[in-house]
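Student: Position 48 (the sequence shown) corresponds to 48 in full-length UniProt numbering; numbering is contiguous.
Idealized CB from N, CA, C, for every residue including glycine.
Mind looking over this structure? Questions follow.
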Amino acid sequence: MALYIDKKIDDPTGGPQKTLLSWHKCFPLMACASYDDSSGGLVSMYKDDSTVIRSKITSRLGIQVTAMAWHPTKKCLLIGWESGDLSIWSELGGREIYSFSKHHNNVISTLKFNENGKIFVTGDIDGVLNVWKFDAGGSLEILFTRPLKYTVIDIVFRNSNSVSNDNEISRLARAAVDGDEKALNMFSSWQDDGAYDNKLHFFARDDEFDLFVGCQSGIVYYVRSSGYCEGVLQMETSICYLAYYREKDILIVISKSLILAQFTINPMEL
Numbered sequence: 001m002a003l004y005i006d007k008k009i010d011d012p013t014g015g016p017q018k019t020l021l022s023w024h025k026c027f028p029l030m031a032c033a034s035y036d037d038s039s040g041g042l043v044s045m046y047k048d049d050s051t052v053i054r055s056k057i058t059s060r061l062g063i064q065v066t067a068m069a070w071h072p073t074k075k076c077l078l079i080g081w082e083s084g085d086l087s088i089w090s091e092l093g094g095r096e097i098y099s100f101s102k103h104h105n106n107v108i109s110t111l112k113f114n115e116n117g118k119i120f121v122t123g124d125i126d127g128v129l130n131v132w133k134f135d136a137g138g139s140l141e142i143l144f145t146r147p148l149k150y151t152v153i154d155i156v157f158r159n160s161n162s163v164s165n166d167n168e169i170s171r172l173a174r175a176a177v178d179g180d181e182k183a184l185n186m187f188s189s190w191q192d193d194g195a196y197d198n199k200l201h202f203f204a205r206d207d208e209f210d211l212f213v214g215c216q217s218g219i220v221y222y223v224r225s226s227g228y229c230e231g232v233l234q235m236e237t238s239i240c241y242l243a244y245y246r247e248k249d250i251l252i253v254i255s256k257s258l259i260l261a262q263f264t265i266n267p268m269e270l
């Protein structure tokens, strides 16, 4: 039985209208974006017990926060603004560590980190999609840009271990033949009980990824780390939400007209 306890947050900023909330998956942290005409857009930070950590970690006069995303394993918050600016806040030092203004010219509509936090994607209402690399040292590099023409609504990564086991085993075998010590050790430790199923994704390369991008036009695009991009399905109305079911390799789509659909992914056609 689940137990839910309401706790009222004592907001030191007072009047600003709350516009976005984002919980961290690993730490008891919540980012809250707000806006009013006098102070503009700002982001506050709270603990899960409603304690205020910082009343203002970043702000922009006259500009509203339009998207936020936490790094999956670090206390690092990615923030998108209606001006097209992109900023990154880190708990180390408690300040913005990066701010970019030249890669998007309009409202940032969505942000998403991949599972290990080494790749993130930004999209705006003009349909510009940027794919970035985020390394352990905190430096950023834009990998490629794709102009999709339609407002980007949602993004979901297709996890690296969703690729068929046969393909992964083939790649692992080639690496072992080439002398990769990690691949050789994995082969030598496998037993007849099928334990390799749970080990394959540890061999996946960090710089390889696939993702689906849903747009206001109802089109869903498939994007690879190579930069390949192609429309793979068309809904009758705007995409509202995308989800990926890893165990079955299925894409789940909810449209603006509240149509819920699921699509089995055929690797041979992507």
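1) Buried or exposed, going by whether 16 or more other CB atoms sit within 10 Å of the CB of PHE202?
2) Return the first residue and the last residue of the beta strand (DSSP E) that MET30 is part of.
3) Let me know the beta strand (DSSP E) ranges lying completely inside the region 226 to 269, each 3 residues or longer, listed in chain order.
4) If TRP81 sits next to ARG95, beta carbons under 8 Å apart, how far is it from one beta carbon to the other, in whole angstroms?
5) Tell me whether ASN266 is buried or exposed, calling it buried when 16 or more other Cβ atoms sit within 10 Å of its Cβ.
6) Run the CB neighbour count on ASP135, radius 10 Å, all protein chains shown included, and call it buried at 16 or more, exposed below.
7) Taking the straight line between their C-alpha atoms, what separation do you get for ILE142 and CYS76?
8) Express the C-alpha separation of ALA176 and PHE113 in angstroms, rounding to a whole number.
9) Assuming contact is defined by CB atoms lying nearer than 8 Å, are VAL213 and LEU148 in contact in what I supplied?
10) Tell me the start and end of each unbroken beta strand (DSSP E) in the region 48 to 78 that is at least 3 residues and wholly inside, in chain order.
11) Using only alpha-carbon positions, find the residue among VAL128, LEU258, VAL223, ILE57 that is nearest to residue 271.
12) Please list, in chain order, all residues of the same chain as GLY84 whose beta carbon is under 8 Å from its beta carbon, the five residues on each side excluded.
13) Any idea what DSSP makes of ASN185, helix, strand or coil?
14) Can you check whether the CB of PRO16 is closer than 8 Å to the CB of SER39?
15) Let me know the secondary structure DSSP gives VAL156 once reduced to three states.
Tutor: Quick look at the numbers:
1) With a pLDDT of 49 at PHE202, under the threshold of 50, the modelled position of that residue is not reliable, and the figure given next carries that caveat. PHE202 is exposed by the Cβ-count criterion.
2) 29 to 36
3) 229 to 234, 239 to 245, 250 to 255, 260 to 264
4) Not really, about 17 Å apart at Cβ, beyond 8 Å.
5) exposed
6) exposed
7) 18 Å
8) 31 Å
9) yes
10) 52 to 60, 65 to 70
11) The first residue shown for the chain is 1 and the last is 270, placing residue 271 beyond what the model contains.
12) SER101, HIS103, HIS104, ASN105, ASN106, VAL107, ILE108, ASP124
13) helix
14) yes
15) strand
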